[in-house]
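> There's a structure below that I have some questions on.
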Amino acid sequence: METLNEISEIYSKYPWICNIIIVGLITLTSALIIERKKRGNTLKDNKRLIKETEEVKSYFSKQLEELKRDHQLDLQKRKYLYESKTKVYSNFFLKVDNMNTEINIKSAEKMQVFISEYTKNLMRCSSEKERVKATVIYQKKTQTLMMDASQALIQLKHETNEIRLHASDDVIEYLNFLEMGYSKLIEVSNQLLSMLPKLVLSNSDLINTMQAPLFQQAALVETVKSELINQMRLELKQI
Numbered sequence: 059m060e061t062l063n064e065i066s067e068i069y070s071k072y073p074w075i076c077n078i079i080i081v082g083l084i085t086l087t088s089a090l091i092i093e094r095k096k097r098g099n100t101l102k103d104n105k106r107l108i109k110e111t112e113e114v115k116s117y118f119s120k121q122l123e124e125l126k127r128d129h130q131l132d133l134q135k136r137k138y139l140y141e142s143k144t145k146v147y148s149n150f151f152l153k154v155d156n157m158n159t160e161i162n163i164k165s166a167e168k169m170q171v172f173i174s175e176y177t178k179n180l181m182r183c184s185s186e187k188e189r190v191k192a193t194v195i196y197q198k199k200t201q202t203l204m205m206d207a208s209q210a211l212i213q214l215k216h217e218t219n220e221i222r223l224h225a226s227d228d229v230i231e232y233l234n235f236l237e238m239g240y241s242k243l244i245e246v247s248n249q250l251l252s253m254l255p256k257l258v259l260s261n262s263d264l265i266n267t268m269q270a271p272l273f274q275q276a277a278l279v280e281t282v283k284s285e286l287i288n289q290m291r292l293e294l295k296q297i
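Have a look at this one:
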């Protein structure tokens with residue numbers, strides 16, 4: 059009671075000072091309340107920003123992991139494709155080289171032997187019947203060569219069909235050229251083998267002339283094979 063009386067007495071003596079103090083207290087209290095509210099809102103905003111930042115970081119972390127996983131998977135696929143194509147192409151040319159050996163080297167050696175034998179047999183013949191017999195023997199032996207060459211061509215087509223499953227359109231085009239080149243080479247070779255008896259019997263010097271298309275076709279096949287190798291290498295580099 060005494061305190062209230064003292065306050066009333068002071069207010070009655072100094073009303074304007076008391077009003078200023080009261081207004082100041084009210085203003086200060088209001089400012090404190092507003093500041094506290096601002097701080098509360100700031101804390102809420104900070105928490106929200108932190109949460110959103112973490113969510114963004116988590117999102118991009120997941121995206122980065124997915125990109126890494128996809129990139130690693132792509133590298134593995136390309137590695138497998140490169141290794142599988144390299145193996146298939148290497149095996150193919152190994153078989154082509156073996157076929158070249160069979161057709162070009164061994165067949166040529168056999169053909170030289172057959173021609174030499176045929177020529178010697180003709181020189182020993184004393185009658186037409188003996189000449190016909192020597193010719194028949196020669197033809198039978200050369201037919202074996204022709205059959206071996208045809209079998210080699212069938213094998214080549216089988217190998218190129220397997221390659222086509224892995225190859226690009228450009229490689230497939232060169233494979234077609236290679237098949238056609240070998241087919242023509244065997245055709246020219248067979249024609250020469252068939253004509254040799256007549257050329258030998260007539261003592262013609264056309265044998266060397268008749269061999270020219272064979273050599274030309276063999277050179278063409280080697281050119282196509284070289285271009286095919288270059289195309290395969292280019293394809294492997296692009297993987």
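Mapped onto the working numbering, the consecutive letters of the sequence shown carry residue numbers 59 to 297. Each residue gets a CB set at the ideal place from its N, CA and C atoms; glycine is no exception.
Could you have a look at LEU294 and say whether DSSP puts it in helix, strand or coil?
It is helical.
> If you draw a straight line from the alpha carbon of LYS178 to that of GLN201, how long is it in whole angstroms?
Using only the alpha carbons, I get a separation of about 20 Å.
> Take LYS199 as the anchor and find which of GLU217, LYS168, THR267, ARG182 has the nearest alpha-carbon.
Residue LYS168 is the option with its Cα nearest to LYS199.
> LEU180 CB to nearest chain C CB: under 7 Å?
Note that chain C does not occur in the displayed structure, where there is just one protein chain.
> If I follow the unbroken alpha helix (DSSP H) through LEU214, where does it start and stop?
Taken as a continuous stretch (DSSP letters only), the alpha helix (DSSP H) holding LEU214 covers 186 to 222.
> Quick check: ALA207 and MET157, are their CB atoms within less than 7 Å of each other?
Going by C-beta atoms, ALA207 is not nearer than 7 Å to MET157.
> Using 8 Å for Cβ pairs, my map puts VAL146 next to ILE212. What's the rounded Cβ distance?
With a Cβ gap of about 19 Å, VAL146 and ILE212 do not count as contacting.
> Counting beta carbon pairs with one atom in the region 112 to 126 and one in the region 280 to 287, are three or more of them shorter than 8 Å?
No, because fewer than three Cβ pairs between the region 280 to 287 and the region 112 to 126 fall closer than 8 Å, the two stretches do not touch.
> Can you tell me whether ILE244 is buried or exposed, with buried defined as 16 or more other CB within 10 angstroms of its CB?
Buried, because 16 or more other Cβ atoms sit within 10 Å of the Cβ of ILE244.
> Given that a residue counts as buried once 16 or more other Cβ atoms are within 10 Å of its Cβ, and exposed if not, what is TYR117?
By the neighbour-count rule (16 or more Cβ atoms within 10 Å), TYR117 is not buried but exposed.
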